[in-house]
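Participant: Residue numbers (my numbering): 428 to 983. Backbone N, C-alpha and C define an ideal beta-carbon position, used for all residues, glycine too. Everything numeric in this text was worked out from a predicted model, so none of it was measured. Questions regarding the structure given below will be posed in turn.
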RNA sequence: GGAUCCGUAGCUCAGUUUGGAUAGAGCGUUUCCCUCCUAAGGAAAAGGUCGCAGGUUCAAAUCCUGUCGGAUCCGCCA
């Protein structure tokens, strides 16, 4: 925010000299790749041709005229004009702001008055909560928090996969191979077992598929027996899912899953047909999307049953109406790209101009539920927590609340590992990546936070913003990075990429740790200023971690 | 056959949307650094024809075209 002001002021100085619009200068004014090249750089070659001068000439001319109270010096480096700001003024702007705003630092009213409905996590009932579902869950959760911080009203929807022919399969296979005792003992594992068995048996015996379809038809028609079986499966699954959500401190505003829309599909079709032309093709009701280069959007199968197209249409219409949503976000894997392109096109054809975004992400390679080849979230979290506990016992055996801290660290490591890379890329599941506490990991950032807390606790100095700003020297790169929090948050929000925030926190931690190793903070003649910086770093780290859904322990 | 996404160091990735200054991290490898605020840390070394080939430009990892690898999707599963 404040750094934008510096940029703005420099741009207006330059534009005055060049007699052009301020915006033109702002657009090209950049931040140099290295800090020894200054705070802002003006690429003279972008204007030189227009003014019929060589870039170097232009740079020379400008350099003598760029003076103001916050500019330390101006340097010509090739065709670039590099502007250096005065450290004390920069530090004063950034640090005072953080000190005053505390955990509200980085908030903005960017999204004020706008409601965004975010569909995330959305696991399938009666299937294990695998590591594959973790991505949607943690990415969605973080986007929910980040957008909230930027002023949006967020509605988090867990669109449970609790309906469809798969439940026909499940009821049929449970009837054939199910075991009540096994179901009681470990419901999800047992249901997965019979589900996998169904698929292997169906390969030899294809009429099983028909049987499953018939069973689901019974459910749709309200058959009590089938439905009560389904209820049991659903309840058992939800119980387990909520355990994980609790561990990760994730909650939803709505749990309306697929079954919720069961009685809203016919209305949705009618509603759509008011504005969009549908047609019958091979007995199925479709919206032809050929002219948009897409395959048809199928509303009803030839046997009269609705599809997930219909269901997602009904859900979208419901969300737009009920929450008066300005934006709909779907945090769903990239294999469903086409599906959402189709859905968005149909909504557009219906006349909706809302922002519709498929926040897509790559998947873990080589994992598939149908083949029973799956990594369980429970196992990953448990192992991470266990390892964290071991590490604590080794490194800090006197720590209080060991169990609680181990949970913060273990879960943090897993969540962060999944968030820190660009969501679009496919990932190879690797235990070492999730169970690593060094380098670019949550424990690294958490450790940095704990270090800050420790210093603050030991120092006798009271944190205050009445410090000697002239004593800012080596600290300046750290301070400047603190000032960029707003920019990176904005980018993360705009691109729906928590990874941008995660990278920022890693960089901030790295800068702090370098500083920490090089300089003493307590009893070094400059304690008041440095303590303020430590307090600000701590504040931004905690704030940033929270927005990622990771907790920041004070000791570890 | 049609469409989308990915390809950067031994491995995992930033940087590509908005083209600019010697392409950055982490892991692993090789050295150092705890009588001093938490070594889950810090300092340094080694490691790259940015898949390949063209094109646009004063300037390309970044934009365009082609091509090769890998992944994914393409109406009666969700």
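1) Report the CB separation of residue 964 from residue 909 in whole angstroms; it is logged as a contact under 8 Å.
2) If residue 844 sits next to residue 860, beta carbons under 8 Å apart, how far is it from one beta carbon to the other, in whole angstroms?
3) What number of angstroms, rounded off, separates the C-alpha of residue 602 from the C-alpha of residue 660?
4) Can you look up residue 583 in the DSSP assignment and give me helix, strand or coil?
5) Identify every run of the alpha helix (DSSP H) within the region 585–662, keeping only runs that are complete inside it and at least 4 residues long; order them along the chain.
6) Can at least three beta-carbon pairs, one atom from the region 549–565 and one from the region 588–596, be found at a separation below 8 Å?
7) Does the separation of the CB atoms of residue 691 and residue 732 fall below 7 Å?
8) Do the region 567–585 and the region 819–828 meet, that is, are 3 or more Cβ pairs less than 8 Å apart?
9) Taking the alpha-carbon positions, what's the residue 705 to residue 744 distance?
10) Please identify the residue among 760, 477, 608, 785 whose C-alpha is closest to the C-alpha of residue 772.
11) Is the beta carbon of residue 419 sitting closer than 7 Å to the one on residue 925?
12) Please determine, among 949, 695, 668, 801, the residue with the shortest C-alpha to C-alpha distance to residue 858.
13) On the three-state DSSP scale, how would you describe residue 707?
14) Can residue 508 and residue 486 be called in contact, C-beta distance under 7 Å?
15) Here's the rule: buried if 16 or more other CB atoms are within 10 angstroms of the residue's CB, otherwise exposed. What is residue 945?
16) How long is the line joining the alpha carbons of residue 816 and residue 748, rounded to whole angstroms?
17) Do you know how far the Cα of residue 756 is from the Cα of residue 943?
18) Mark residue 431 as exposed unless 16 or more other C-beta atoms lie within 10 angstroms of its C-beta, in which case mark it buried.
19) Please name the residue in 973, 443, 686, 770 whose C-alpha comes closest to that of residue 988.
20) Around the Cβ of residue 651, are there at least 16 other Cβ atoms within 10 angstroms (buried) or fewer (exposed)?
21) So, under 8 Å CB-CB, residue 846 and residue 565 are touching, yes? Tell me the CB distance rounded to an integer number of Å.
22) Between residue 584 and residue 680, which are expected to be in contact by the criterion C-beta below 8 Å, what is the C-beta distance as a whole number of angstroms?
23) In terms of DSSP beta bridges, what is residue 760 paired with?
24) Kindly confirm or deny that the region 895–908 and the region 944–961 touch, where touching means at least three C-beta pairs closer than 8 Å.
25) Skipping 5 residues on each side, what residues in its chain have a beta carbon closer than 7 Å to that of residue 709?
26) Can you tell me whether residue 503 sits near the ligand SAH, meaning its C-beta is under 6 Å from at least one heavy atom of the ligand?
27) Measuring CB to CB, does residue 971 end up less than 7 Å from residue 933?
28) For residue 429, which residues of its own chain have a beta-carbon under 7 Å away from its beta-carbon, when the five flanking residues on both sides are left out?
29) What is the C-beta distance between residue 966 and residue 529, in whole angstroms, given that I count them as a contact (C-beta under 8 Å)?
30) DSSP on residue 564, reduced to helix/strand/coil?
31) Pull up the CB-CB distance for residue 819 and residue 882, whole angstroms please, since I reckon it's below 8 Å.
32) So, for residue 886: in the same chain, excluding its five sequence neighbours on each side, which residues have a beta-carbon less than 6 Å away from its beta-carbon?
33) Using only alpha-carbon positions, find the residue among 460, 462, 468 that is nearest to residue 452.
34) Where does the unbroken alpha helix (DSSP H) through residue 920 begin, and where does it stop?
35) What do you get for residue 416, buried or exposed, if any count of 16 or more other CB atoms within 10 angstroms of its CB means buried?
36) From the DSSP output, which residues share a beta bridge with residue 501?
Facilitator: Reading it off the structure:
1) 7 Å
2) 5 Å
3) 13 Å
4) strand
5) 592–604, 607–612, 614–631, 634–647
6) yes
7) no
8) no
9) 17 Å
10) 785
11) Look at the range of the chain in this structure, 428 to 983, and you will see that residue 419 is not part of it.
12) 801
13) strand
14) yes
15) exposed
16) 48 Å
17) 41 Å
18) Legend: pLDDT at residue 431 = 49, less than 50; position of this residue unreliable, no value from coordinates given.
19) A query on residue 988 cannot be resolved here, the shown segment of the chain reaching from 428 to 983 and no further.
20) exposed
21) 6 Å
22) 7 Å
23) 788
24) yes
25) 729
26) The ligand SAH is absent from the structure shown, which contains no ligands of any kind.
27) no
28) Note that residue 429 scores a pLDDT of 45, beneath 50, so its modelled location is shaky and nothing firm can be said.
29) 6 Å
30) helix
31) Not a contact, Cβ separation roughly 20 Å.
32) 949, 958
33) 468
34) 912–922
35) There is no way to answer for residue 416, as the model of the chain reaches only from 428 to 983.
36) 510
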